[in-house]
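Before any comments, here is the structure.
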Amino acid sequence: MPKAYDFKDTELRLYHWWEENGWFKPECRPDDAEPFVISIPPPNVTGQLHMGHAMFVALEDLMIRRARMQGYAALWVPGSDHAGIATQLQVERMLEAEGTSREAVGREEFLRRTWAWKAEYGGRITNQLRRLGASCDWDRERFTLDEGLSRAVREAFVRLRRMGLIYRGEYLVNWSPGLQTAVSDLEVEYVEEEGLMYYFKYPVKGGGHLPVATTRPETILGDTAVAVHPDDERYQQYIGQT
């Protein structure tokens, strides 16, 4: 008998026994059992699980196991999320470390490397979920870019477009020069930094000048007018002047 409890060996052995006997499948209950289904919030394939993932896995595992004990045909559907831009950034950093870039390798090779990244980190996340004891039905594991899911997304997009709920227009967007695409507000990180205030003088016809301050002097070339408060006594003499 070992001196200390070997939790790694015990947990792996029990988990394999549970899975091999189909205890994570809803089919282990009678056909007339009431269904109880949870879809896992899919972790991103950009790295490893963190404490936030461990927390929701523990809570959802508690709910699904309780439902099984109550006689429900309980199903916990696992999966992972492609994470779009976040995954692209990780793959681009990997290429940069190799001395190349997304543009240099081309679209097809970049997509191949991205799928290879997903295979590596998606498998790592799956193993971590198993080690946490997540009682998912792994035969139903999904990925957000699986063909069936992608087809459903395309169908929904087309329907919403035809209904006028998705449209193209001229709006302010968060443009990423590096990614060459627009990004959502959630992807933007704001950073406070010290800057410079530039002061300059606009000459006034007939003599004198109007002092102006800005943090963006590069916009001066696009200036066509200066607005002042109509009741501000300091600028009354400039109203209507050129």
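For the sequence shown, numbering that gives the first Met the number 0 assigns the number 0 to the initial residue and increments by one for each residue that follows. Every residue, glycine too, gets a C-beta built ideally from N, C-alpha and C.
CB-CB length for residue i against residue j, believed under 8 Å
i: Ala-72; j: Pro-41; result: In fact, because the Cβ distance is near 22 Å, the residues do not count as touching under 8 Å.
i: Ser-38; j: Val-90; result: Contact doesn't hold; Cβ gap of about 27 Å is too wide.
i: Ile-84; j: Val-182; result: 6 Å
i: Val-225; j: Leu-209; result: 6 Å
Coil, strand or helix - residue i by DSSP
i: Ala-32; result: coil
i: Pro-216; result: helix
i: Lys-200; result: strand
i: His-238; result: Per the sequence presented here, residue 238 reads as Ile, with His not at that position. Three-state DSSP puts Ile-238 in coil, outside helix and strand.
i: Pro-25; result: helix
i: His-228; result: coil
i: Leu-164; result: coil
i: Gly-121; result: helix
i: Gly-206; result: coil
Element boundaries [alpha helix (DSSP H), containing residue i]
i: Leu-58; result: 50 to 68
i: Ser-175; result: Premise fails: Ser-175 lies in the beta strand (DSSP E), 173 to 175, not in any alpha helix (DSSP H).
i: Thr-143; result: Per DSSP, Thr-143 belongs to no alpha helix (DSSP H) and is neither H nor E.
i: Ala-96; result: 83 to 96
i: Val-104; result: 101 to 104
i: Leu-11; result: 6 to 19
Nonlocal neighbours in the same chain, by C-beta distance under 8 Å from residue i, ignoring five residues either side
i: Arg-123; result: Gln-47
i: Glu-154; result: none
i: Thr-86; result: Asn-43, Val-44, Thr-45, Thr-113, Trp-116 and Lys-117
i: Leu-195; result: Thr-214
Sequence-distant residues of the same chain with beta carbon closer than 6 Å to residue i, five excluded per side
i: Phe-35; result: Ala-66, Tyr-71 and Ala-73
i: Lys-117; result: Val-44
i: Gly-121; result: Val-44 and Ser-79
i: Tyr-197; result: Thr-213 and Pro-216
Sequence-distant residues of the same chain with beta carbon closer than 7 Å to residue i, five excluded per side
i: Leu-144; result: His-81
i: Arg-64; result: Ser-134
Endpoints, the beta strand (DSSP E) within which residue i is located
i: Thr-180; result: 180 to 182
i: Leu-195; result: Segment: none, Leu-195 is in no beta strand (DSSP E) and carries neither H nor E.
Cutoff 9 Å: residue i Cβ touching any chain D Cβ
i: Leu-195; result: Considering every chain present, this structure includes no chain D. It has just one protein chain.
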